[in-house]
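Heads up: the structure comes next, in structure tokens.
Residue numbers (UniProt numbering): 1 to 339.
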């Protein structure tokens, strides 16, 4: 048996072999592979079908009703997803803050995890990323760490930056537990909510026939409801308008500790911006991601940051501090109202 034939997904293509770890008796390596054609399509179609089914069960009409998915019989390794047709009024993308934010919050509030835990029963796909969310855990910190770690591992091949690798390891080790563990500490209970997973302008609309707000292209799992608003932070989206988040908060109050809301929002923006950096041609999000990671480390583990990269990156840190002073103005007022 050859090494490639032993891969868990037959037909996978090996992109690179990197030395990793140490052994007294041999060489240990990390293999980066791309699954065979069709593997991604299967996960995309199956994942969205299950996502739409889950959302439709909680909030009927909020998504096009899913009809089915499967392999196209006469096309090897080609898959389809069949959903109800909804006429989109193009001039209504995104939907209005009152309609969209209220409906999304209602879905979050009504949803109930079938296991009482965070995660999902199958992988779902954000763009071409097969999300590592198909496990169940009572800890949101554990599920999110696994999810973000997987995306960071994919991005590290594109970023090809030792500085990115260093800052991302620090973020996962120090910042993520600092921000997410308190959500379930000191008697606090965090409800696993069904999330859309990619709620941005282009995935929301108004039905041209019924006038009803709806969403589509879901990549769901059960997580912290605030995760869905992480994609609203990006200035490239109209959903970054303060009106959307303020309307959402009026339906679903900020989780405690409320003072961490903006930092959590920045953290939750990372999977979306990493996905943009990975797959959108001409994306400018690499620097945004790196700056946001550095800003979070500067906030919550400055000593660790200082000992690892501060001496090498004084200009970057000065830019981050300036950004931190000026950033978040569109959220600041609503945060103070919550407090």
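Where is the CB? At the ideal position from N, CA and C, for every residue including glycine.
This one's a predicted model, so the numbers in the text were calculated from it and none came from an experiment.
- For residue 63, the closest of 251, 219, 284 by C-alpha to C-alpha distance is 219.
- In the displayed model, residue 39 falls within a helix according to three-state DSSP.
- Closest in C-alpha terms to residue 41, from the list 128, 106, 225, comes 128.
- Residue 67 counts as exposed, since fewer than 16 other beta carbons sit within 10 angstroms of its beta carbon.
- Per DSSP, residue 222 is one residue of the beta strand (DSSP E) stretching across 221-223.
- Residue 118 and residue 230 do not touch by the CB rule: their CB atoms are close to 15 angstroms apart, not below 8 angstroms.
- Note that the C-beta distance between residue 204 and residue 94 is below 8 angstroms.
- In the three-state reduction of the DSSP assignment, residue 278 falls in the helix class.
- CA-to-CA, the gap between residue 190 and residue 225 works out to about 9 angstroms.
- Remark: C-beta atoms of residue 251 and residue 102 approach each other more closely than 8 angstroms.
- Taking the Cβ atoms as the reference, residue 265 lies roughly 6 angstroms from residue 233, within the contact range of under 8 angstroms.
- Residue 38 sits close to residue 78, with the two beta carbons spaced by under 8 angstroms.
- Each residue's CA atom was taken as its position, placing residue 106 and residue 87 some 23 angstroms apart.
- Per DSSP, residue 63 lies in no beta strand (DSSP E) and is assigned neither H nor E.
- Across the structure, residue 193 and residue 221 are spaced so that their CA atoms are roughly 8 angstroms apart.
- Collapsing the DSSP output to three states places residue 72 in coil.
- The beta carbons of residue 99 and residue 213 sit about 4 angstroms from each other, so the pair counts as a contact at 8 angstroms.
- Taking a C-beta distance under 8 angstroms as the contact criterion, residue 141 and residue 180 qualify as a contact pair.
- Taking a contact as a CB-CB distance under 8 angstroms, the pair residue 299 and residue 263 counts as one, their CB atoms being some 6 angstroms apart.
- Residue 193: not part of any alpha helix (DSSP H); member of the beta strand (DSSP E) spanning 193-195, first to last residue.
- The straight-line gap separating the alpha-carbon atoms of residue 151 and residue 295 is approximately 19 angstroms.
- The alpha-carbon separation between residue 280 and residue 182 amounts to approximately 34 angstroms.
- Here the C-alpha atom of residue 198 lies approximately 15 angstroms from the C-alpha atom of residue 244.
- When DSSP reads this structure, residue 119 sits in a beta bridge with 136, 222.
- Counting of Cβ neighbours within 10 angstroms places residue 17 among the exposed residues, the total staying below 16.
- Under the three-state reduction of DSSP, residue 307 is assigned to helix.
- The residue from 278, 272, 247 with its alpha-carbon nearest to that of residue 200 is 272.
- Note on geometry: alpha-carbon atoms of residue 301 and residue 51 lie some 36 angstroms from one another.
- Annotated as proximal: residue 172 and residue 149, with beta-carbon spacing under 8 angstroms.
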